[in-house]
Structure formats: structure tokens, C-alpha cells
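Structure first, then comments.
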Amino acid sequence: MEKVALGIDIGGTNTKYGFVDAQGKIYGESTIPTVVKAAGEEQESFEQYIARLCAQAQQTLKDCGQDLQLIGAGIGAPDGNFFSGAIEFAVNLPWKGVLRAAALVSQHMGVPAVLTNDANAAAMGEMLFGTAKGMKDFIVITLGTGVGSGIVIGGRLVYGHDGFAGELGHVIVKEGGRVCGCGRRGCLETYCSAGGVRRTVMDLLAEETTPSVLRDISFEQMTSARIYEAAMEGDPLAREAFRRTARILGRALADFVTFSSPEAIILFGGVARAGEFLRKPTEEAMEESMLHCFKNKVKVLLSDLSEGNVAILGAAALAWDAYRKQNEKKA
Numbered sequence: 001m002e003k004v005a006l007g008i009d010i011g012g013t014n015t016k017y018g019f020v021d022a023q024g025k026i027y028g029e030s031t032i033p034t035v036v037k038a039a040g041e042e043q044e045s046f047e048q049y050i051a052r053l054c055a056q057a058q059q060t061l062k063d064c065g066q067d068l069q070l071i072g073a074g075i076g077a078p079d080g081n082f083f084s085g086a087i088e089f090a091v092n093l094p095w096k097g098v099l100r101a102a103a104l105v106s107q108h109m110g111v112p113a114v115l116t117n118d119a120n121a122a123a124m125g126e127m128l129f130g131t132a133k134g135m136k137d138f139i140v141i142t143l144g145t146g147v148g149s150g151i152v153i154g155g156r157l158v159y160g161h162d163g164f165a166g167e168l169g170h171v172i173v174k175e176g177g178r179v180c181g182c183g184r185r186g187c188l189e190t191y192c193s194a195g196g197v198r199r200t201v202m203d204l205l206a207e208e209t210t211p212s213v214l215r216d217i218s219f220e221q222m223t224s225a226r227i228y229e230a231a232m233e234g235d236p237l238a239r240e241a242f243r244r245t246a247r248i249l250g251r252a253l254a255d256f257v258t259f260s261s262p263e264a265i266i267l268f269g270g271v272a273r274a275g276e277f278l279r280k281p282t283e284e285a286m287e288e289s290m291l292h293c294f295k296n297k298v299k300v301l302l303s304d305l306s307e308g309n310v311a312i313l314g315a316a317a318l319a320w321d322a323y324r325k326q327n328e329k330k331a
């Protein structure tokens with residue numbers, strides 16, 4: 001009988017889930033809409049949403065047609081608190097307040113469930129199944145709609161005293177800079193997220209007269225993927241946008257290195273798909289700003305996990321980690 005963990009990634013629009021074995025093989029996976037509301041009907045409660053999710057997950061497990069034993073469930077969610085097992089005051093979900101996700105999933109699936117935020121789940125996925133396999137000290141930086149981070153020291157995720165450690169995307173990198181969704185100004189997220197790169201392109205278009213294919217694209221259609229395509233085609237403005245982004249990110253990473261002395265910093269997410277256009281200048285800027293005792297010791301790497309799978313793998317990795325620790329206690 002093959003043991004598997006259920007990995008759940010709760011997003012504002014969709015929820016992904018899948019069953020993952022100890023080697024990172026995904027057996028059955030699916031996606032459901034996070035919010036279901038028929039015309040004229042009230043929005044379902046969080047409890048109803050979890051019941052719907054778990055019912056479909058149980059059906060998926062049956063449909064796998066294999067002898068699979070479920071050992072636990074892991075949940076990655078915005079504003080997920082590992083200690084409480086709850087989603088706390090998430091701004092991009094329709095339900096407000098404290099949502100006891102782990103307890104509800106455990107109740108419906110009949111196995112232990114653990115929860116954390118999506119960036120921490122990504123870090124756990126990298127440690128068990130990805131680029132950080134075999135590493136004990138590293139930082140994962142997720143560069144997508146926002147900028148998140150998962151910090152691993154001595155083989156353990158850092159949660160802090162209340163479960164919210166590692167909000168590196170909200171370190172201020174420019175005093176009085178761009179307005180952030182958190183209400184402050186100059187956060188790293190406002191420069192290095194997908195939206196941040198887009199804003200940098202718009203600034204360059206206003207400042208420069210350099211010919212660019214990006215001049216014909218509206219702000220709404222200006223995605224980090226399109227900017228990367230332009231950079232690949234040799235567009236000087238697109239390449240300058242990534243260079244500016246990389247310099248800000250690299251200087252911030254040099255600061256992050258000082259508190260945990262990681263072996264590597266792993267970049268993941270939509271913006272990281274820019275590859276060497278982002279990684280190489282980021283590493284150069286980091287080394288320029290690095291305290292001497294850390295120079296040439298920290299690698300900047302790109303995740304080798306598929307973006308489509310990492311959310312499920314990361315969440316499942318949480319469950320596998322909890323399962324192994326529980327077995328170690330029993331031994």
C-alpha cells in the first residue's frame with residue numbers, strides 16, 4: 001500500500017489539491033473554484049467550502065484506482081498560521097476573521113492536518129522535493145503577485161513566536177517609495193513582484209525615448225511574462241526593467257543573508273521565470289552589497305519545481321514533515 005499526503009493550496013479564485021507520495025510523485029490532482037455562488041443565492045460559508053473541497057478530494061482519491069493510504073493533509077493558504085492551524089484575516093478570501101481550516105480538513109478527511117502560508121509551503125516543497133533537497137539552511141523568495149518568503153534554519157521552517165515570521169516582502173527598501181497594499185511605502189514587494197516589474201516598465205517608458213515593443217502594450221496587458229519575452233527578443237527597455245528589479249532584490253538579499261547565513265537563496269514564481277535576466281544581476285548586486293564574511297558563500301538559484309505543481313507539492317510536504325516528526329517521537 002502506497003502512502004500519500006493530501007496537499008491543498010487555497011487561493012482567492014481557485015483551490016488546487018493533489019495526493020503526493022514520499023518521493024514527490026503526484027497521483028491525483030484537481031482544481032475547484034474557491035468561491036461558488038449561484039445567482040440569487042447566498043455565498044457558501046467557509047465550513048461548506050471545506051466540506052465541498054474534501055468531498056471532491058475523497059472522490060479523487062477513490063478515482064486513482066490504486067491502493068493508497070492517506071497519512072495526512074497539508075494546507076498552504078494566504079495568511080495561514082502554522083501554530084493555530086487557521087487562516088487569519090486574509091484580505092483576498094471572501095470569508096473574514098479566523099478560519100479554522102486545519103481542524104475542518106482533519107475532521108472531514110480523518111487524518112491530521114497542518115497549515116501554513118503559501119511561501120512557507122513552497123519552502124517545504126523545495127526542501128523535500130526540489131532545489132533545496134539536502135540543504136539545511138536556505139531562503140525561498142516567491143516573486144509573483146506579491147513577494148513572499150520561507151526561511152529554513154537547521155532544517156526547520158522559521159515561524160517566530162506567533163506564526164508570522166518571514167514577511168520579507170514587506171521589508172522597506174526605499175524610504176518614501178511606492179505605496180504597498182499593506183499601507184506602507186517602499187516595500188520590496190512594490191518593486192520585485194509582477195506588479196512591481198510592470199510599474200518599473202511604465203516608469204521607464206515615461207522616462208526614456210528608447211524604442212521598445214512594450215510601448216504598444218497597455219498597462220492591463222503588461223505581464224511579467226510579456227516583459228520577459230521582450231527581453232529575450234533583445235528589447236533594451238525590458239532588459240533594463242529586469243536589471244533595476246534585480247539590483248533592488250540583490251541588495252535586499254544581502255541584508256537577508258546577515259540574519260540566517262543561508263547556503264542558498266532560491267527564487268520562485270512568475271517573475272523568476274525571467275531566468276538569467278533576473279538571477280545573474282540579482283546575484284551580482286547581492287555580492288556587491290554583501291558583508292565581507294558572507295561574500296562568495298551564498299548561491300542564488302532558480303527553483304526547478306514546476307510552478308503548476310509546487311503549490312500542491314509544498315502543501316503535501318508539510319504533511320509529510322509532520323508525519324515523519326511524529327514517527328520520530330514514537331521511535
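Quick note: the sequence shown, position 44, residue 44 per my numbering, numbers continuous. Ideal Cβ placement from N, Cα and C applies to all residues, glycine included.
In the DSSP assignment, what are the bridge partners of residue i?
| i | result |
| --- | --- |
| A5 | V20 and G72 |
| K37 | Partner(s): none; K37 has no beta bridge. |
| I227 | In DSSP, I227 forms no bridge with anything. |
| G148 | T142 |
| S84 | Looking at the DSSP assignment, S84 forms no beta bridge with any residue, so it has no partner. |
| F268 | T142 |
| S30 | Y17 |
| I172 | C187 |
| L99 | I87 |
| K299 | A264 |
| T210 | Per DSSP, none; premise fails for T210. |
| T116 | G76 |
Under 7 Å Cβ to Cβ from residue i, same chain only, skipping five residues before and after it: list those, please.
| i | result |
| --- | --- |
| I153 | D137 and S260 |
| I312 | G7, D9, K16, Y17, G18, V20, I26 and E29 |
| L61 | F19, G28, L68 and L70 |
| E208 | L237 |
| G155 | K136 |
| R215 | L205 |
| E240 | L204 |
Quick one: what's got a C-beta closer than 6 Å to residue i's C-beta in the same chain, skipping five residues either side?
| i | result |
| --- | --- |
| A254 | M286, S289 and M290 |
| C293 | none |
| R243 | P281 |
| L370 | No information on residue 370 is available, as it lies outside the stretch 1 to 331 that the chain covers here. |
| E283 | V300 |
| A317 | M124, G125 and L128 |
| C54 | H108 and M109 |
| N120 | G150 and L157 |
Around the Cβ of residue i, are there at least 16 other Cβ atoms within 10 angstroms (buried) or fewer (exposed)?
| i | result |
| --- | --- |
| D67 | exposed |
| G125 | buried |
| G163 | buried |
| T200 | buried |
| T245 | buried |
| S224 | buried |
| D203 | exposed |
| G134 | exposed |
| S218 | exposed |
| F83 | exposed |
| N296 | exposed |
| G336 | The displayed coordinates of the chain run from 1 to 331. Any statement about residue 336 would go beyond what the structure contains. |
| M222 | buried |
| G176 | exposed |
Beta-carbon within less than 8 Å of residue i's beta-carbon, same chain only, minus the 5 sequence neighbours each way: which residues are those?
| i | result |
| --- | --- |
| V173 | G186, C187, L188, Y191, I248, R251 and A252 |
| C64 | F19, Y27 and G28 |
| R52 | I32, V36 and E44 |
| T258 | L291 and F294 |
| E233 | V213 |
Answer yes or no: does any C-beta atom of chain D fall closer than 8 Å to that of residue i?
| i | result |
| --- | --- |
| C187 | Protein chains in the displayed structure number just one, and chain D is not present. |
So which of the options has the shortest CA-CA distance to residue i?
| i | options | result |
| --- | --- | --- |
| D321 | I87, C182, P112 and T245 | P112 |
| L157 | R226, N296, A231 and I139 | I139 |
| L70 | K96, T223, A22 and Q48 | A22 |
| I87 | G11, G176, A241 and I265 | G11 |
| L143 | Y159, A122 and H161 | A122 |
| S396 | L267, A319, G160 and D216 | Here the chain covers residues 1 to 331 and nothing more, so residue 396 does not appear. |
| T34 | Q48, F46, T13 and G24 | T13 |
| A272 | F256, Q221, Y323 and G196 | G196 |
| P211 | E263, A230, R198 and E2 | A230 |
| I265 | G97, I141, Y159 and G72 | I141 |
### Query
Does the count of Cβ pairs from the stretch 113-129 and the stretch 64-77 closer than 8 Å reach three?
yes
### Message
Taking contact to mean 3 or more Cβ pairs, one atom from each stretch, closer than 8 Å, check whether the stretch 297-309 and the stretch 129-143 are in contact.
### Response
A contact exists between the stretch 297-309 and the stretch 129-143.
### Query
Does the pairing of the stretch 141-155 with the stretch 167-181 give three or more beta-carbon distances under 8 Å?
yes
### Message
Count Cβ pairs between the stretch 264-279 and the stretch 298-307 that sit closer than 8 Å; are there 3 or more?
### Response
yes
### Task
Say whether the stretch 90-101 touches the stretch 317-327, bearing in mind that this needs 3 or more beta-carbon pairs closer than 8 Å, one atom from each stretch.
At 8 Å Cβ cutoff, the stretches do not touch.
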